[in-house]
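If you're matching positions, the sequence shown starts at 0 in numbering that gives the first Met the number 0 and goes up one per residue. Cβ coordinates follow ideal geometry from the N, Cα and C atoms, glycine included.
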Amino acid sequence: MKYGERIALLREKYSMTQEELSLKLGITRASLSHYENNRREPSYNTITAIANFFNVSIDYMIGRTENPHRVSEQVQAAHELEEKIKPSGDKVV
Numbered sequence: 000m001k002y003g004e005r006i007a008l009l010r011e012k013y014s015m016t017q018e019e020l021s022l023k024l025g026i027t028r029a030s031l032s033h034y035e036n037n038r039r040e041p042s043y044n045t046i047t048a049i050a051n052f053f054n055v056s057i058d059y060m061i062g063r064t065e066n067p068h069r070v071s072e073q074v075q076a077a078h079e080l081e082e083k084i085k086p087s088g089d090k091v092v
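Have a look at this one:
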């Protein structure tokens, strides 16, 4: 899935129009339309703003992963899992 499809998918998931999202991001609706249709690539600052707005990782936005969660959230989940499965030191007799 290309970045444009992901932008449109996230926008639609939150029931936003292109006009609403473009206003939140400080870009024109035309620019957003170009991004969503893969006619233009967003700048690093724009893709970062979109990722931050939707609370997803940049890797997800550019298609490097299918997991939308940020690395810090993944690390936190891994630590929580470690704590759950960590031996407590108690011996079963």
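Q) What first and last residue would you give for the alpha helix (DSSP H) that runs through Ser32? A) 28–35 is the extent of the alpha helix (DSSP H) around Ser32.
Q: Express the C-alpha separation of Pro67 and Tyr59 in angstroms, rounding to a whole number.
A: Straight-line measurement puts the Cα of Pro67 at about 5 Å from the Cα of Tyr59.
Q | 8 Å Cβ shell around Ala7 - same chain, five flanking residues per side excluded | A | Scanning its chain for C-beta atoms nearer than 8 Å, with the 5 sequence neighbours on each side dropped, one finds around Ala7 the residues Glu35, in chain order.
Q) Going by the CB atoms, is the gap between Thr47 and Ile61 shorter than 8 Å? A) Against a cut-off of 8 Å, the Cβ pair of Thr47 and Ile61 comes out as no contact.
Q) DSSP on Tyr13, reduced to helix/strand/coil? A) If DSSP states are grouped into helix, strand and coil, Tyr13 belongs with coil.
Q) Do you know how far the Cα of Glu81 is from the Cα of Leu31? A) C-alpha separation (whole angstroms): 41 Å.
Q: Name the two residues that bound the continuous alpha helix (DSSP H) containing Met0.
A: Taken as a continuous stretch (DSSP letters only), Met0 belongs to no alpha helix (DSSP H), as it is neither H nor E.
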